[in-house]
Each structure stands twice: as C-alpha cells, then as structure tokens.
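Chains as they are written, first to last, in the numbering used here: chain A, 1 to 138; chain B, 1001 to 1188.
Set out below in structure tokens:
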C-alpha cells in the first residue's frame, strides 16, 4: 500500500509539472512543430540532458531501488520499420490531438471532459494494434 | 509560495522536474512510460481473449495506472489551486497562423475551445482531431513501443538508438500533420 502512495504522489507531481509548464496545451505542441518557440524544446531537451546524466550515474554507482533490487534498464531490440513507422503514426496523432498520453490524463484532471473521447480512441487504437500486430512489419 | 507556484513554470524548471519524475520512478523500481497504461487498460477490459498481446498479468502494471491516476489528480490540483489568469504566451507567429486557420483566441485556454469541447466534437474537424488523433496516438505508441515519456525521455536518457529513431518518427509525423494536414482539417 505504501508503495502505491509513492506511485500516486509521483504521478501528482507529474500532473502538476505538465500543467504548469503548459506542456498539456495543444497550442504549445503546435508551436513546437512550427519551430516558433523554444519552450517545448527546452523542456524536453533539458529533461533528456539531465536524464542521460542521471541514468549514467545510476549505472556507475549501481544504485538500488527502494525495494533493494538493482535498477535495471532494458535494451530495446533494434528495428528501423517498427520505430520509424510506429513513431510517425504516433507523431501524426500527437500533432493532431496536441497531447501525448501523459497530458491526456492530466487534461482530464484539468476538467476537459471531452478528452475522454481522445482517451477512448487511444484505447481503441492500442486494441487495434494488438489485433494487427502479427501482420505489421516490426 | 502559492503565488510563486501559480506562475507558468519556465522550461528550465519543468524539464529538470520531468527528469526527477523519471528518476523517482526508477528509484521505486519502475520505468517511466505512460502509454503502457493503454495496453494495461485493454488487458483489464478482457482484450487478452482476442489477442495474446493483451494476455499478460495486468496486476504487474497496476502501479502505472496508480501513477496516471496521480497525474489526473495533479492536473486537478494545478487547475484548482495553482491557476494562472493570463493567457499562454505563445509566439506571435503561432498566434497569427492559428487565427488565419480560424482559431479565434489562441492561448486563452490550454486547448482551442472550438475543437476541444463537446460542441466541437460534433463538428467535422473536431471529430477528426479528437477521434482520429486519439486513435493514431494509441496505435502509434504501441507500434513504436512507447510514447514521449517512454522513448523521448526514458529511452533517450538510456541512449537507446531505437528511441532516437522513434523520436525522429514522432517529428516526421508531427511535421506532416502540422504543415500539410492541419491546415486542411482546421478549415473544414
């Protein structure tokens, strides 16, 4: 139970960050893809630079999780079509709906109930992928 | 303090805090990847009966559903107590482009009301953007094996080449949508 409270708290932190940084805004995503402002690039860029340093430090010092197990990182299997085609499809949706999954949840909390439609469609998209998976190039 | 937090947070505050989110999850023994929750939800709904992609013990992923529950609560807290009255300071070029495409008050709220409202859903452009957009997000995220959090943040932080290819894909799709398709869809 205590563990779940920590997952919930980290989620609350994430929802507040997404809202207050305006990363949940459709406008900010549109602006990003038009290269009109640095804002989103600054957010993602600084998160990645610090993320690379953090992961390297975790590996270097073999940091353990609070459960006492070593923190492990999974190496993703290499494929070009899977990531390029899948990524492009995701990008089309991201720029259209202006939200990726994190902001979809956060927007619901912000009171945009119509985002339930986006969430339901995203679930349908995930389900459809599950049905077609064996027929798609990976 | 509340007044300070209520201001929009600049990128150099938000970016490091996103890293913190990822690190906290790693320390809790989990990995940061929001779109996995869509697959888990399908599994809970019984999708494992028709595709083995959803045939797994979803309880092992329950933590992630609790995490996104937190994100919903975080959004609610920010909207209720850390709200800012000012419009989003968008680039002037973005505002002008959107006004030319028929969006009346760019930046006044987080989302364009003409599209992201129940009335907007029942317009052609609103229906396409919400329903098709959501579908592509769900389909593409699972096909690519992750979304912005899983690939752009977690994957790139771990220097994964597949994640870089996925992020390049995100941008190919995003640019095609923004420059070629949205101008058509928004003026429907």
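Built from N, CA and C at the ideal position, the CB exists for glycine as well.
C-beta neighbour in chain B for residue i, strict 9 Å
{"i": "residue 90(A)", "result": "yes"}
{"i": "residue 21(A)", "result": "yes"}
{"i": "residue 73(A)", "result": "yes"}
{"i": "residue 65(A)", "result": "yes"}
{"i": "residue 76(A)", "result": "yes"}
{"i": "residue 135(A)", "result": "no"}
{"i": "residue 61(A)", "result": "no"}
For residue i, three-class secondary structure by DSSP
{"i": "residue 2(A)", "result": "helix"}
{"i": "residue 76(A)", "result": "coil"}
{"i": "residue 64(A)", "result": "strand"}
{"i": "residue 1148(B)", "result": "helix"}
{"i": "residue 31(A)", "result": "helix"}
{"i": "residue 1052(B)", "result": "helix"}
{"i": "residue 1061(B)", "result": "helix"}
{"i": "residue 37(A)", "result": "coil"}
{"i": "residue 1030(B)", "result": "coil"}
{"i": "residue 1187(B)", "result": "coil"}
{"i": "residue 113(A)", "result": "coil"}
{"i": "residue 1110(B)", "result": "coil"}
{"i": "residue 1047(B)", "result": "helix"}
{"i": "residue 1003(B)", "result": "helix"}
{"i": "residue 120(A)", "result": "helix"}
{"i": "residue 1119(B)", "result": "helix"}
{"i": "residue 23(A)", "result": "coil"}
{"i": "residue 1082(B)", "result": "coil"}
{"i": "residue 1072(B)", "result": "helix"}
{"i": "residue 1088(B)", "result": "coil"}
{"i": "residue 137(A)", "result": "coil"}
{"i": "residue 1077(B)", "result": "helix"}
Cutoff 9 Å: residue i Cβ touching any chain A Cβ
{"i": "residue 1017(B)", "result": "yes"}
{"i": "residue 1059(B)", "result": "no"}
{"i": "residue 1102(B)", "result": "no"}
{"i": "residue 1187(B)", "result": "no"}
{"i": "residue 1139(B)", "result": "yes"}
{"i": "residue 1112(B)", "result": "yes"}
{"i": "residue 1184(B)", "result": "no"}
{"i": "residue 1088(B)", "result": "yes"}
{"i": "residue 1001(B)", "result": "no"}
{"i": "residue 1056(B)", "result": "no"}
{"i": "residue 1124(B)", "result": "no"}
{"i": "residue 1097(B)", "result": "yes"}
{"i": "residue 1008(B)", "result": "yes"}
{"i": "residue 1213(B)", "result": "With chain B covering 1001 to 1188 only, the question about residue 1213(B) has no answer from this structure."}
Opening and closing residue of the alpha helix (DSSP H) in which residue i lies
{"i": "residue 70(A)", "result": "Segment: none, residue 70(A) is in no alpha helix (DSSP H) and carries neither H nor E."}
{"i": "residue 1038(B)", "result": "1036-1044"}
{"i": "residue 1009(B)", "result": "Run containing residue 1009(B): none; DSSP gives neither H nor E here."}
{"i": "residue 95(A)", "result": "81-97"}
{"i": "residue 1097(B)", "result": "1092-1100"}
{"i": "residue 105(A)", "result": "101-109"}
{"i": "residue 1167(B)", "result": "1161-1175"}
{"i": "residue 1125(B)", "result": "1124-1127"}
Cutoff 7 Å; reference residue i; Cβ partners in own chain excluding five residues on either side
{"i": "residue 1154(B)", "result": "1022, 1031, 1032, 1033"}
{"i": "residue 33(A)", "result": "95"}
{"i": "residue 1026(B)", "result": "none"}
{"i": "residue 1040(B)", "result": "1058, 1061, 1064, 1065"}
Contacting residues, own chain, Cβ-Cβ under 6 Å from residue i (five flanking each side not counted)
{"i": "residue 100(A)", "result": "94"}
{"i": "residue 1126(B)", "result": "1115, 1120"}
{"i": "residue 1068(B)", "result": "1037"}
{"i": "residue 1044(B)", "result": "1058"}
{"i": "residue 29(A)", "result": "98"}
Residues near residue i in its chain [Cβ-Cβ closer than 8 Å; skip 5 each side]
{"i": "residue 1101(B)", "result": "1182, 1183, 1186, 1187"}
{"i": "residue 1007(B)", "result": "1084"}
{"i": "residue 15(A)", "result": "105, 106, 109"}
{"i": "residue 125(A)", "result": "93"}
Given a limit of 8 Å on CB to CB distance, which residues of the segment 1150-1172 of chain B reach chain A? Answer set for the segment 1150-1172 of chain B: 1151, 1152, 1153, 1154, 1155, 1156, 1157, 1158, 1159, 1160, 1161, 1162, 1163, 1165, 1166, 1167, 1168, 1169, 1170, 1171, 1172.
Near-chain A residues of the segment 1027-1044 of chain B - C-beta to any C-beta below 8 Å: Listed by position, the residues of the segment 1027-1044 of chain B near chain A (Cβ gap below 8 Å) are 1027, 1028, 1029, 1030, 1031, 1034, 1035, 1037, 1038, 1039, 1041, 1042.
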